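K.L.:
Which chain is which? The protein sequence lines are A and B, in order.
Going from the first sequence to my numbering is simple: count from 1 and add 154.
Going from the second sequence to my numbering is simple: count from 1 and add 750.
Supplied in structure tokens, the structure appears directly below.
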Amino acid sequence: MSDSYVAPKPYCAEYFLSTENLDHLDATVAEVFKMMFGLEIQAVGVANSAVHLPELDVRTAIVGFSGAMRGSCQVRVSVQAAISIASAMLGGVPIDEGDDSVNDALGELCNMLAGGWKNGMPSLSSECALSPPTVISGHDYKVHMSKPSTKLSRTYQFEGHAMYLTLYREDMESFGE
Amino acid sequence: MKGTVLVVDDSAMMRKVVLRILKMADLDFEAALEAGDGNEALTLLRANTVALIMCDINMPVMSGLQLLQQIKEEKLAIGVPIVMVTTENSEPQVRQAILAGARGYIRKPFTIDHIKNNVKPLLAA
């Protein structure tokens, strides 16, 4: 390492797409699923690969980041997976598809994943705030970012369900980019 | 367990989760009150005596930190342990919550052991 080497800021694009960040994301997901749902979850495939969820009914939870890093955390699952998450959160209680708790649980999951990921980085922990979660039904939507963004996607599998997680990070001049 | 617990969180699901895990941690209160934000919590506190408050921070209308300030100003729930339950756990926020009157801080996600270790001692004191 030369004397002129400057370590990247933990939330810069270089770190955002690094294996270290991916490992941190995987660990956060595993921790949340184990602690809140008592479920094992595994990453499947490589980062930023495509994922195929059932076309019919998909739910997406979105939590925004603001402050030192702007962007969002998005969690997309089938309705059946969202029902499994809500049921596991309540200790295995059966839940109907139309129950409000299905969207509520998915929003809380996204909140904990976004919070766990950013809290794991000291430079972001207190400098980056989370928005309340928003849940969208269906798959025919687009999320538009106000600036060019770097995207990190990862597919996970639990109890036979797929979960697609995407972190978006707006590219900002203040990050030295 | 005698008394009433007040759970404050904008997510109805999280309120149920907190109540379920309290029960699993042998903190099964006689009664439970639920509030979706700080304002609702204040209304309940003005009319009820509670033994424990479990409170989120990021909530619409009135945040958990604003609620702590208001509880202090109105001299409500004197001596009642208030435990913050939140995804936000940066040091400045924890410090701010403790200064505003919180007695405990639990990060989401949490386990039964976290509740046992962080809440039980406050009730025994």
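We put the beta carbon where it would ideally sit given N, CA and C, even for glycine.
Note that this is a predicted model, so its numbers are computed, not measured.
1) Restricting to Cα atoms, I'd like to know which of Thr-861(B), Arg-796(B), Leu-783(B) and Ala-791(B) is closest to Lys-825(B).
2) Quick one: using the 10 Å Cβ neighbour count with 16 as the cut-off for buried, is Tyr-318(A) buried or exposed?
3) Flag this pair as yes or no: are the beta carbons of Met-767(B) and Met-275(A) separated by less than 9 angstroms?
4) In its own chain, which residues sit with a C-beta less than 7 angstroms from the C-beta of Gln-234(A), not counting the 5 before and 5 after it?
5) Considering just the uninterrupted stretch of the beta strand (DSSP E) at Gln-757(B), what are its terminal residues?
6) Report all residues from its chain with a CB closer than 6 angstroms to the CB of Pro-831(B); omit the five preceding and five following residues, and keep chain order.
7) Straight-line CA distance for Gly-829(B) to Leu-263(A)?
8) Please decide whether Pro-831(B) counts as near chain A, where near means a Cβ-Cβ distance under 9 angstroms.
9) At 9 angstroms on the CB atoms, spell out the chain B contacts of Ala-240(A), in chain order.
10) Is the shortest distance between the beta-carbon of Gly-225(A) and the beta-carbons of chain B less than 9 angstroms?
11) Closest Cβ-Cβ distance between Ser-291(A) and chain B: below 9 angstroms?
12) Examine chain A for any beta-carbon lying closer than 9 angstroms to the beta-carbon of Val-869(B), and answer yes or no.
13) Measure the alpha-carbon distance for Glu-185(A) versus Ile-195(A) and round it to whole angstroms.
14) Quick one: does the C-beta of Thr-836(B) sit closer than 8 angstroms to a heavy atom of the ligand NAP?
15) Distance check for Ser-241(A) and Glu-313(A), CA to CA, integer angstroms please.
16) Note down, in chain order, every chain B residue with its Cβ under 9 angstroms from the Cβ of Leu-103(A).
17) Counting only the same chain and skipping the five closest in sequence on each side, list residues whose C-beta sits under 6 angstroms from that of Val-755(B).
18) Would a check of beta-carbon distances place Lys-858(B) closer than 9 angstroms to chain A?
P.N.:
Quick answer:
1) The shortest Cα separation from Lys-825(B) among Thr-861(B), Arg-796(B), Leu-783(B) and Ala-791(B) belongs to Arg-796(B).
2) Here Tyr-318(A) is buried. Its C-beta has 16 or more other C-beta atoms within 10 Å.
3) According to the sequence as given, residue 767(B) is Val; it is not Met. Not in contact: Val-767(B) and Met-275(A) (Cβ atoms no closer than 9 angstroms).
4) Correct list, in chain order: His-315.
5) Checking the sequence shown, residue 757(B) turns out to be Val, not Gln. If you look at Val-757(B), you'll find it in the beta strand (DSSP E) that goes 754-758.
6) The answer, listed in chain order, is Leu-802, Arg-853 and Leu-872.
7) Cα to Cα, the separation comes out at about 33 angstroms.
8) For Pro-831(B), not one C-beta of chain A is nearer than 9 angstroms to its own C-beta.
9) Within 9 angstroms Cβ-Cβ: Met-763.
10) By this cut-off, Gly-225(A) is not an interface position.
11) So, not an interface residue.
12) In terms of beta-carbon proximity, Val-869(B) stays away from the interface with chain A, with every pair separated by 9 angstroms or more.
13) Those two C-alpha atoms are separated by around 9 angstroms.
14) Ligands displayed in this structure: none; no statement on the ligand NAP is therefore possible.
15) Spanning the two alpha carbons is a distance of roughly 12 angstroms.
16) The question about residue 103(A) has no answer here: the residues shown for chain A are numbered 155 through 331.
17) Correct list, in chain order: Phe-779, Ala-782 and Leu-802.
18) Yes, Lys-858(B) lies at the interface with chain A (some Cβ there is under 9 angstroms from its Cβ).
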